[in-house]
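For the record, the sequence lines run as chains A and B.
Heads up, the final residue of the first sequence is numbered 417 in this note's numbering, and it's a clean run with no missing numbers.
Heads up, the final residue of the second sequence is numbered 417 in this note's numbering, and it's a clean run with no missing numbers.
Glycine is no exception: its CB is placed at the ideal position from the N, C-alpha and C atoms.
Remember, it's a predicted structure, so these values are computed and weren't measured experimentally.
All remarks here apply to the structure that follows.
2 protein chains.
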Amino acid sequence: MSQAVCTATYRCFDDKADFQKKALGIAVGLTVGSWTDLPEARKAEMEKHLGRVVSVEEHAGTEPGTRYADIVIAYPDVNFSRDIPALLVTVFGKLSMDGRIKLLDLGFSADFLSAFPGPKFGLEGIRDLLGVHDRPLLMSIFKSVIGHDLPNLREQFYKQALGGVDLIKDDEILFENPLTPLQKRVEVCMEAARAAESETGQKLLYAVNLTGPTSKLASQAKLAIASGANALLFNVLAYGFDVLHELSSDPEISVPIAAHPAMAGAFYPSPHYGISAPLLLGKLMRLAGADLALFPSPYGSVVMPREENLAVQAALIDPALPVRPSFPVPSAGIHPGLVPLILRDFGTDVVVNAGGGIHGHAMGTAAGGQAFRQAITATMNGISLPDAAAQPGNEALKTAIDSWGHKQP
Amino acid sequence: MSQAVCTATYRCFDDKADFQKKALGIAVGLTVGSWTDLPEARKAEMEKHLGRVVSVEEHAGTEPGTRYADIVIAYPDVNFSRDIPALLVTVFGKLSMDGRIKLLDLGFSADFLSAFPGPKFGLEGIRDLLGVHDRPLLMSIFKSVIGHDLPNLREQFYKQALGGVDLIKDDEILFENPLTPLQKRVEVCMEAARAAESETGQKLLYAVNLTGPTSKLASQAKLAIASGANALLFNVLAYGFDVLHELSSDPEISVPIAAHPAMAGAFYPSPHYGISAPLLLGKLMRLAGADLALFPSPYGSVVMPREENLAVQAALIDPALPVRPSFPVPSAGIHPGLVPLILRDFGTDVVVNAGGGIHGHAMGTAAGGQAFRQAITATMNGISLPDAAAQPGNEALKTAIDSWGHKQP
């Protein structure tokens, strides 16, 4: 059979089950419902709808007597519409509630993929917008936003921009509010961006947080763009992948979208349940159109194991997926002393994203950004951070590594 | 302080942490960001935004040396907009990724609640539509839908309807497809419903599966209603609670919505991560407007522990929440022999929901429905199933308990 199929890979934990039988039960149960008791004539009609077991690999678990299996099932495209909710409900709707089982990966048919334009800008598009092609980008996060007024936010923005950052993002918990409403926030921050650019000569993207009722998100995005916003931040998992897909496919939403991983920890950390981080924060975010994808870094306070991190990155840039790569943004706990590790792990196509590591700098917020830029330049040139910190003009870096230390890979 | 707050209850697992300090870190970190280093004048301004630790209860874990704490934090309403994505991102956005932590419950301020009309019909409204006030309702699910054409679906529908069921729902994996497109499906099934009603005298709700792109769901729902649909089925978690809220609040969507729990197993089963079943499938479904809420039963193949089940039910009908109660629909693995258990556990305000337990009846689908109705009548009258099965006219019940057995509480 050469029909179009999408595949799902599951990790299924059971110390006694016949995994082959379990796999067959999934393939039949989530497609045609029953098979062996069908009359032959009906089987011929139904065959194109029948799920197939692609592979079952049994493994011993970490505890004695435990075992699990990685099971791959192929689902005929003809069974579902070409949208992420339909695919997820098909492969992991009821099944998610059936014992210890985690969805590890999805494979998409060319036909399914054809419904997804993917990121409108992607990694290269973001670089083009900023005119920066030869180094990692630097993103900073407001120190604190709740309860601050427009002049205060503008001041925070301006100081961050002066430090040479490429992107500034809203805090994901900044919602529509009387102190700093979306349109006004965009206006004052973009004005601060222009003021900083006249000093630094550097372009800057400001990802304003897109929030509110689902049906109003597209019009809010257009309002933000009309007010001058040149990027958006979006809490994808609080709304669903399909909403990101619709926003990113909208021709009038002509700016990059940064996908925030808020709520992701409800899905990926359990070994036994949920959806794996590389699928959730990597492949699906990219398919749905995230130009930048944030995920927990392996360095900081909010930890994801390094191999899982690298698998998220791999999914975001994997050339096998025929949509633009998303810019990987490992986040949380980042200070300038970690730049050599980040570049070793992620290469130069990475956004170094910092909050406290910029605002907490002893010489101030602008120096915080400068310290990161100095660390990036040094690392790109093969110079160790202590050596770079000793060079004239790199006082910001010296101060940073005096405060936070540094890790040389 | 008498400001409006919403509360979040977390279960936090850590064998060494200072839970009081952890709680304070959450309260400050997810609201104003920092507190102790603020100048006094600034503190006065920021106090209304500051999260508060309501309680911290430490417990020993099940394994020696392990421990956890149930932590309640109050979040000022002024920090977030009155929608579920904003509340979830505030209380469990970043925090979900910060170690072993599960969101157990949410408490809503009156002001937050005022944005939620809740279920348009709810439990009593469904009873009113059906004219059935004195017994549990009976819902049946198509045996198999994928690959079936309209005449076949109509035939399945008609046989189910003849058995005396009150509600029939689509399979959640039936998407828009050329064989049984939404409008035609509604037309033939509602025609079958009328044909059956002329024989049984019984009203029937058909919950047609609402699928497709997020921005088209409302218009699809209205199309379904224009074609005669008198209920909708919706895979809430594949789209987000806010989408259900918007659909249920739409005055033109004038039919009950049944919330399917597809994908819920990605959230609730882990003790350490995710969102508890009573919050996910109970309180939030109800707040967002589910008239009927399906969740895994404690009896069948897809298992949820009984106490968790009863907590889901409690959340769906709790009089403390000032919106209409949602009809509880414990699902999966239900056959007529379980009716006494279901009624003991859930009382009479429950929808008995069966698929295989109706279609698999040895005398056919209509007898499958009749067997359930006979089991319900017997149990309501305090007659044991074996005694009822021996009565004339109750052959369907006798056949069912001969096949599947029965459990008397």
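| query | result |
| --- | --- |
| Proximity of Gly115/B and Arg332/B at Cβ, strictly below 8 Å | no |
| Straight-line Cα distance separating Val347/A from Thr387/A | 7 Å |
| Residues of the segment 253 to 277 of chain A whose Cβ lies closer than 9 Å to any Cβ of chain B, in chain order | His253, Glu254, His268, Pro269, Ala270, Met271, Ala272, Gly273, Ala274, Phe275, Tyr276 and Pro277 |
| Between the CA atoms of Ala82/A and Val13/A - distance to the nearest angstrom | 6 Å |
| DSSP bridge partner residues for Gly282/A (one or two, in chain order) | Lys110/A |
| Straight-line Cα distance separating Leu393/B from Ala77/A | 41 Å |
| Spatially closest choice to Pro338/B from Ile233/B, Asp357/B, Lys30/B and Phe165/B, by CA coordinates | Asp357/B |
| Spatial distance of Gly308/B from Pro279/B (CA atoms) | 21 Å |
| 7 Å Cβ cut-off: residues of chain A touching Asp250/B | Pro221, Thr222 and Tyr247 |
| Those runs of the beta strand (DSSP E) which lie wholly inside the segment 179 to 251 of chain A and span at least 3 residues | 213 to 218 and 239 to 243 |
| Nearest-angstrom Cβ-Cβ length linking Ile384/A and Val360/A, presumed shorter than 8 Å | 7 Å |
| Sequence ranges, alpha helix (DSSP H) only - wholly within the segment 308 to 364 of chain A, length at least 4 | 314 to 325 and 347 to 354 |
| Any chain B beta carbon closer than 8 Å to Gly345/A | no |
| Beta-carbon proximity check, Leu213/A vs Asn238/A, cutoff 8 Å | yes |
| Between the CA atoms of Val263/A and Glu195/A - distance to the nearest angstrom | 16 Å |
| Cα-Cα separation, Asp179/B to Asp22/B | 41 Å |
| Neighbourhood of Pro144/B by C-beta distance below 6 Å, restricted to the same chain and skipping five residues each side | Thr356, Val358, Val360 and Ile384 |
| Neighbour flag for Asp353/B against chain A, beta carbons, 8 Å | no |
| Residue span of the beta strand (DSSP E) that contains Tyr166/B, given as start and end | Tyr166/B -> not in any beta strand (DSSP E); alpha helix (DSSP H) instead, spanning Leu158 to Leu170. |
| Proximity to Val64/B [Cα-Cα], best of Cys20/B, Glu53/B and Lys224/B | Cys20/B |
| Residue from Phe380/A, His253/A, Gly390/A and Asn160/A with nearest C-alpha to Lys406/A | Phe380/A |
| Distance between Pro306/A and Met312/A (C-alpha atoms, nearest Å) | 5 Å |
| Cβ neighbours of Met9/A in the same chain (closer than 6 Å, five flanking residues each side left out) | Caution is warranted here: a pLDDT of 49 is assigned to Met9/A, below 50, making its placement in the model unreliable, and no coordinate value can be reported. |
| Own chain, CB closer than 8 Å to Leu287/A, minus 5 neighbours either side, in chain order | Leu111, Leu112, Asp113, Leu114 and Ala323 |
| First through last residue of the alpha helix (DSSP H) which encompasses Ser411/A | Glu403 to Trp412 |
| Interfacial residues, the segment 15 to 39 of chain A to chain B, with Cβ spacing under 8 Å | Leu38 and Thr39 |
| Residue-chain proximity (Gly101/B, chain A), Cβ-Cβ < 8 Å | yes |
| Partners in chain B for Ser148/A, counting only beta-carbon separations shorter than 9 Å | The contacting residues do not exist; Ser148/A stays about 14 Å from chain B at best. |
| When Gly365/A, Pro417/A and Ile261/A are compared against Leu146/A, the one with the closest alpha-carbon | Gly365/A |
| Contact with chain B by Leu218/A, beta-carbon distance below 8 Å | no |
| Helix, strand or coil at Val97/B according to DSSP, with G and I counted as helix | helix |
| Beta carbon of Phe242/B nearer than 8 Å to that of Ser89/A | no |
| CB contact below 8 Å: Thr98/B versus chain A | yes |
| Sequence-distant residues of the same chain with beta carbon closer than 6 Å to Ile109/B, five excluded per side | Tyr18 and Cys20 |
| Interface positions of the segment 127 to 156 of chain A facing chain B (Cβ-Cβ less than 7 Å), listed along the chain | Lys151, Ser152, Ile154 and Gly155 |
| Given 8 Å, three or more beta-carbon pairs between the segment 58 to 72 of chain B and the segment 131 to 138 of chain A | no |
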